[in-house]
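Okay, structure first, notes after.
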Amino acid sequence: MPRLTDARKELRRAQITDAAVRCFGRNGLERTSIADITAESGLSTGSIYTHYSSKADLVRAAAGAVLAKRAEVLGEYAAGDTPPDPDELLARLIANINPVEARVGVQTWGEATTDPVIRGVVVDMIDRMRAMLHDCVTAWLVKVEHHDPAEAREQATPIADRVSALYLAELLHAALRSPTEETAS
């Protein structure tokens, strides 16, 4: 059997991660088995375990994939000539909430209360998200509000914390919506 190239390995990992997110969103973390992910991905169980050592490893990858999407968007906002103000930043983030990913996020938070490995993933993801929001708010304060960069970094902290808290609340709200509410909105 030919060896997978690095690019092909990354494609397989993404295929498995995407399947895991769909399964976690549909069935929950606890009720999703590796067999479910195998069926959803169209790959073999051996292939799943070649790329991920455990379900916790898959949860970590799924959380990382969701955060990577937000990181890309937030990076674009911060790099722009006119970064959005905090209200607009929050509105844009909320507008891009994927209900399936929101359900996976909230389920992951629940698992974090009893599983120290998952707790580490959740704390890391929230800290990274807060840091990206801090960068966006700092960029807005410097580029739009014309604050001194050092002063802007300090002022950005409580603002980014509030934006983060409101965004996490909106994720919870999106996760709790029924599928019929999702299609109506």
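Just so you know, we're using our numbering here: the sequence shown kicks off at 946 and counts up by one.
Every residue, glycine too, gets a C-beta built ideally from N, C-alpha and C.
message: Please return the same chain residues whose Cβ sits closer than 7 Å to the Cβ of residue 1119, not counting the five positions on each side in sequence.
response: Counting from one through the sequence shown, the residue named residue 1119 turns up at place 174. Cβ neighbours of residue 1119 beyond the five flanking positions: 1042, 1044, 1047.
- request: Apply the 10 Å Cβ neighbour rule to residue 996 and answer buried if 16 or more other Cβ atoms are within range, or exposed otherwise.
  value: Position 51 of the sequence shown, counted from the start, is the residue given in the question as residue 996. With 16 or more Cβ atoms within 10 Å of its Cβ, residue 996 is classed as buried.
task: Less than 8 Å between the CB atoms is what I'm expecting for residue 1083 and residue 1101, so what's the real figure, rounded?
output: To locate residue 1083, count along the sequence shown from 1; it is residue 138. To locate residue 1101, count along the sequence shown from 1; it is residue 156. About 4 Å; that satisfies the 8 Å criterion.
task: Check whether the segment 956-963 touches the segment 979-989, taking contact to mean three or more Cβ pairs, one atom from each stretch, closer than 8 Å.
output: Output reads yes: the segment 979-989 touches the segment 956-963.
message: On the DSSP letters alone, give me the boundaries of the alpha helix (DSSP H) that residue 1103 sits inside.
response: The residue you call residue 1103 lines up with position 158 of the sequence shown. Looking at the DSSP string, the run of the alpha helix (DSSP H) that includes residue 1103 is 1094-1121.
query: Do you know offhand how far residue 975's Cα is from residue 966's?
result: The residue you call residue 975 lines up with position 30 of the sequence shown. The residue you call residue 966 lines up with position 21 of the sequence shown. One C-alpha to the other measures close to 13 Å.
- prompt: On the three-state DSSP scale, how would you describe residue 1090?
  reply: Position 145 of the sequence shown holds residue 1090. Coil at residue 1090, not helix or strand.
- prompt: Using DSSP with H/G/I as helix, E/B as strand and the rest coil, what is residue 1075?
  reply: Residue 1075 sits at position 130 when you count from the first residue of the sequence shown. Looking at residue 1075 - three-state DSSP - the assignment turns out to be helix.
message: Are the CB atoms of residue 1011 and residue 1049 within a distance shorter than 9 Å?
response: Taking the first residue of the sequence shown as position 1, residue 1049 is located at position 104. Taking the first residue of the sequence shown as position 1, residue 1011 is located at position 66. Their beta carbons are under 9 Å apart, which means residue 1049 touches residue 1011 by this criterion.
task: Output yes or no for whether 9 Å exceeds the beta carbon distance between residue 1066 and residue 1008.
output: By 1-based counting over the sequence shown, the position of residue 1066 is 121. By 1-based counting over the sequence shown, the position of residue 1008 is 63. Against a cut-off of 9 Å, the Cβ pair of residue 1008 and residue 1066 comes out as a contact.
query: Is the beta carbon of residue 1075 sitting closer than 9 Å to the one on residue 1097?
result: Counting from one through the sequence shown, the residue named residue 1075 turns up at place 130. Counting from one through the sequence shown, the residue named residue 1097 turns up at place 152. Contact annotation: residue 1075 and residue 1097 have beta-carbon atoms that are not nearer than 9 Å.
- prompt: residue 949 and residue 982 look like a contact to me (Cβ under 8 Å); what is the Cβ gap, rounded to whole Å?
  reply: The residue given as residue 949 occupies position 4 in the sequence shown. The residue given as residue 982 occupies position 37 in the sequence shown. Rounded, the Cβ-Cβ distance is 19 Å, inconsistent with contact.
message: Is the separation between the beta-carbon of residue 1039 and that of residue 1099 shorter than 9 Å?
response: Working through the sequence shown from its first residue, we reach residue 1039 at position 94. Working through the sequence shown from its first residue, we reach residue 1099 at position 154. The answer is no: Cβ separation not under 9 Å.
query: Could you give the residue range of the alpha helix (DSSP H) that holds residue 974?
result: By 1-based counting over the sequence shown, the position of residue 974 is 29. Residue 974 -> no alpha helix (DSSP H), and no H or E assigned at all.
Separation of residue 1005 from residue 970, as counted between CA atoms: The residue given as residue 970 occupies position 25 in the sequence shown. The residue given as residue 1005 occupies position 60 in the sequence shown. Residue 970 and residue 1005 have their C-alpha atoms some 15 Å from each other.
query: For residue 1062 versus residue 980, is the C-beta spacing smaller than 9 Å?
result: For this step, residue 1062 is matched to residue 117 along the sequence shown. For this step, residue 980 is matched to residue 35 along the sequence shown. For residue 1062 and residue 980, no; Cβs fall outside 9 Å.
message: Taking a contact to mean a Cβ-Cβ separation below 9 Å, would you say residue 1020 touches residue 1077 in this structure?
response: Counting from one through the sequence shown, the residue named residue 1020 turns up at place 75. Counting from one through the sequence shown, the residue named residue 1077 turns up at place 132. Result yes, Cβ atoms of residue 1020 and residue 1077 sit closer than 9 Å.
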